[in-house]
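From first to last, the protein sequence lines are chains U and L.
The numbering of the first sequence is our numbering, which starts it at 1 and goes up by one.
The numbering of the second sequence is our numbering, which starts it at 1 and goes up by one.
Report on the following structure.
2 protein chains.
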Amino acid sequence: MNTLFKALSHPVRRRIIEMLRRGPMASGDIAGAFDMTWPTVTGHLNALKEAGLVSPERDGTTIRYRLDISAVEEALAFLLSITGARAPADGDKDRD
Amino acid sequence: MNTLFKALSHPVRRRIIEMLRRGPMASGDIAGAFDMTWPTVTGHLNALKEAGLVSPERDGTTIRYRLDISAVEEALAFLLSITGARAPADGDKDRD
DNA sequence: TTCCTAATTAGGAAAAACCCTAAATGCAAG
DNA sequence: CTTGCATTTAGGGTTTTTCCTAATTAGGAA
Chain U
1 MNTLFKALSH
11 PVRRRIIEML
21 RRGPMASGDI
31 AGAFDMTWPT
41 VTGHLNALKE
51 AGLVSPERDG
61 TTIRYRLDIS
71 AVEEALAFLL
81 SITGARAPAD
91 GDKDRD
Chain L
1 MNTLFKALSH
11 PVRRRIIEML
21 RRGPMASGDI
31 AGAFDMTWPT
41 VTGHLNALKE
51 AGLVSPERDG
61 TTIRYRLDIS
71 AVEEALAFLL
81 SITGARAPAD
91 GDKDRD
């Protein structure tokens, strides 16, 4: 949960996640979409992999990254537990 | 969105959010729940405030922090857009 | 083997985050 | 005004993040 939210806390990494929403992409194609060096993007991909958000698969000389939805749902579960299960308490009378 | 996910990326701050789920709490009570100094907790509260996740309200000498659900829903919306699900419904967040 | 391309790891500088102690602020009561 | 309590801000040391360039690994083709 800790590395997961930390991975989501960088705009480049969130953008990568959005890109992978349509399907797996090669590392070079991902790196080419940003205005930073390839090694830097590799670092972000490693952070996402560490968080379980993506997984790489080799195909010859190219490496494709695929989005791992279940990790996203893990973060989703935390946020839903916040918005979905709110108990009424004494200074909290003005709910919608 | 950037400060929002960054705020969520620290375990102490996520725990504060969980604590505030039941209602506003005084700064001192929040700080007392952790094994760190009060100024450090104040720093975390500032990070949460910066992200729009909590808002402080003064009552005499004590300051109470209240959870701001709409910011949570903002993060929720991003994750839901990834999994492809719909936006959170209005009547879904007020039941116990 | 050698060469080329795809991609990563290594090393390090700059910036930010984290947590502490000490000092300051704000409010209320005497 | 002065004291006291609740809380925040200031300053600084240590660790982590972020990004770069240079070097390295890995696979395919000649």
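We put the CB at the ideal spot given by N, CA and C, even for glycine.
Item checked: Per DSSP, the bridge partner or partners of Ala26/L -> Stepping through the second sequence from its first residue, residue 26/L is reached at position 26. DSSP, once it has assigned bridges, lists Arg64/L as partnering Ala26/L.
Check: Can Asp59/L be considered in contact with the ligand COA, in the sense that its beta carbon sits closer than 8 Å to one or more heavy atoms?
Finding: The ligand COA is not among the ligands present in this structure, which contains no ligands whatsoever.
Next item on the list: Rounded to whole angstroms, what's the CA-CA distance from Leu67/U to Arg13/U? Just pull it up for me.
Entry: Indexing the first sequence from 1 puts residue 67/U at position 67. Indexing the first sequence from 1 puts residue 13/U at position 13. Roughly 12 Å separates the two Cα atoms.
Note to self: Let's test the definition: count the other Cβ atoms within 10 Å of the Cβ of Pro39/L and tell me whether it reaches 16, buried, or not, exposed.
What the structure shows: Your numbering for residue 39/L matches position 39 in the second sequence. Classification of Pro39/L: exposed, given that the 10 Å Cβ count is below 16.
Note to self: Between the alpha carbons of Leu48/L and Leu8/L, how many angstroms are there, rounded?
What the structure shows: Within the second sequence, the letter at position 48 stands for residue 48/L. Within the second sequence, the letter at position 8 stands for residue 8/L. Answer to the nearest angstrom: the Cα atoms are 8 Å apart.
Notebook entry, point to check: Does the beta-carbon distance from Arg15/U to Ala33/U come in below 9 Å?
Noted result: Indexing the first sequence from 1 puts residue 15/U at position 15. Indexing the first sequence from 1 puts residue 33/U at position 33. Yes, these two residues count as a Cβ contact at 9 Å.
Note to self: According to DSSP, simplified to helix, strand and coil, what is Ser55/L?
What the structure shows: Within the second sequence, numbered from 1, the residue matching residue 55/L stands at position 55. Ser55/L: strand per DSSP, three-state reduction.
Next item on the list: Express the C-alpha separation of Leu20/L and Met19/U in angstroms, rounding to a whole number.
Entry: What you label residue 19/U is simply residue 19 of the first sequence in a count that begins at 1. What you label residue 20/L is simply residue 20 of the second sequence in a count that begins at 1. When rounded, the distance between both Cα atoms is 34 Å.
Item checked: Among Pro24/L, Met36/L, Leu79/L, nearest to Asp59/L - alpha-carbon criterion -> If you number the second sequence from 1, residue 59/L lands on position 59. It is Pro24/L whose Cα lies nearest to the Cα of Asp59/L.
Notebook entry, point to check: Which word fits Ala75/L, buried or exposed, when buried means at least 16 other C-beta atoms lie within 10 angstroms of its C-beta?
Noted result: Your numbering for residue 75/L matches position 75 in the second sequence. Buried: at least 16 other Cβ atoms inside 10 Å.
Notebook entry, point to check: Of all the CB atoms in chain L, is at least one closer than 9 Å to the CB of Thr83/U?
Noted result: In the first sequence, residue 83/U corresponds to position 83, counting from 1. Output row for Thr83/U: interface = yes.
Notebook entry, point to check: Leaving out five residues before and five after Gly84/U in sequence, what residues of the same chain have Cβ atoms less than 8 Å from its Cβ?
Noted result: Indexing the first sequence from 1 puts residue 84/U at position 84. Once the five neighbours on either side are set aside, Gly84/U has no close Cβ partner at all.
Note to self: Measuring straight from C-alpha to C-alpha, what distance separates Asp29/L and Ile17/L?
What the structure shows: Counting from 1 along the second sequence, the entry for residue 29/L is found at position 29. Counting from 1 along the second sequence, the entry for residue 17/L is found at position 17. Whole-angstrom Cα-Cα distance: 14 Å.
Notebook entry, point to check: Short check: CB of Met36/L to CB of Pro11/U, under 9 Å?
Noted result: For the purposes of this step, residue 36/L is taken as residue 36 along the second sequence, with counting starting at 1. For the purposes of this step, residue 11/U is taken as residue 11 along the first sequence, with counting starting at 1. No, these two residues do not count as a Cβ contact at 9 Å.
Check: Interface residues of chain U around Asn97/L at Cβ under 7 Å?
Finding: Because chain L here runs from 1 to 96, residue 97/L falls outside it and cannot be looked at.
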